[in-house]
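Here the sequence shown stands for residues 1417 to 1596, where the numbers follow this note's numbering.
Just so you know, even glycine gets a beta-carbon here, dropped at the ideal spot from N, CA and C.
Here the structure comes first, spelled out in structure tokens, and everything after it is commentary.
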Amino acid sequence: MPERTPGQTVGPFFHYALPYDGDRELVAPGTGIRLHGIVYDGAGSPVPDALIEIRQADAAGVVPAVPGSLVRNGVFTGWGRCATDRVGEYWFSTVEPGSVDGGAPFFAVTVFARGLLDRLFTRIYVPDHPALANDQLLTSLDPDDRTRLTATRSTDGSLQLDLHLQGDNQSVFLTYPGHK
């Protein structure tokens, strides 16, 4: 039987190989909402070379199933990618997702960063939605963890959620069947 190779961390090659023009603009800037935050490491320092991907429903609660996420051509694809900047900030220009099948609306988030053996999965929930009180994932968590998954709305309408990879304020990360 062949020997298994040891695990290796992902990155920090993201800023060189994966970003592309318009990757964070699911809609034209100024036409939707801004989803943003800062990615922090376990010491509380911003991570300047992380990569965040989102997948989401449109405003009507429909998850788009269209080809060509890399070339938008004015079509909302529900998917975007953003490299953090030198101060660890990420942002997306997008629409606020609607409720899918009556559930609480959220952005599905994947985080890639140096030092991680694999990508991390989390969610960013839209605040103040009535379905939050009945969301199966949120109701299974303690109140502090629920807060770590729910964005705050700024006075300009933007949604903000910082992502903490480790530490006392660590974000809630999810596992899925078939994924280690």
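Between the C-alpha atoms of residue i and residue j, what's the straight-line distance to the nearest angstrom?
i	j	result
residue 1439	residue 1498	6 Å
residue 1562	residue 1579	13 Å
residue 1447	residue 1520	23 Å
residue 1535	residue 1528	5 Å
residue 1472	residue 1564	18 Å
residue 1552	residue 1460	30 Å
residue 1572	residue 1493	24 Å
residue 1479	residue 1560	29 Å
residue 1601	residue 1582	Nothing can be reported for residue 1601, as the shown portion of the chain is limited to 1417 through 1596.
residue 1609	residue 1569	In the structure as shown, the chain begins at 1417 and stops at 1596. Residue 1609 is therefore absent and cannot be evaluated.
Nearest to residue i by alpha carbon, out of the options?
i	options	result
residue 1468	1583, 1585, 1577, 1593	1577
residue 1593	1443, 1537, 1490, 1444	1537
residue 1544	1531, 1515, 1557	1515
residue 1557	1532, 1466, 1587, 1483	1587
residue 1466	1459, 1493, 1500	1500
residue 1589	1540, 1446, 1559, 1552	1540
residue 1530	1446, 1437, 1458	1458
residue 1628	1567, 1566, 1475, 1571	Absent from the structure is residue 1628, since the part of the chain shown begins at 1417 and ends at 1596.
residue 1567	1437, 1591, 1513	1513
residue 1481	1470, 1495, 1591	1495
What does a CB cutoff of less than 8 Å around residue i pick up in its chain, not counting 5 residues either side in sequence?
i	result
residue 1574	1449, 1450, 1451, 1452
residue 1549	1555
Hey, would you say residue i sits closer than 8 Å to residue j, going by beta carbons?
i	j	result
residue 1503	residue 1546	no
residue 1542	residue 1522	yes
residue 1506	residue 1455	yes
Tell me which residues share the same chain as residue i and place their Cβ nearer than 6 Å to its Cβ, disregarding the 5 neighbours each side in the sequence.
i	result
residue 1445	1509
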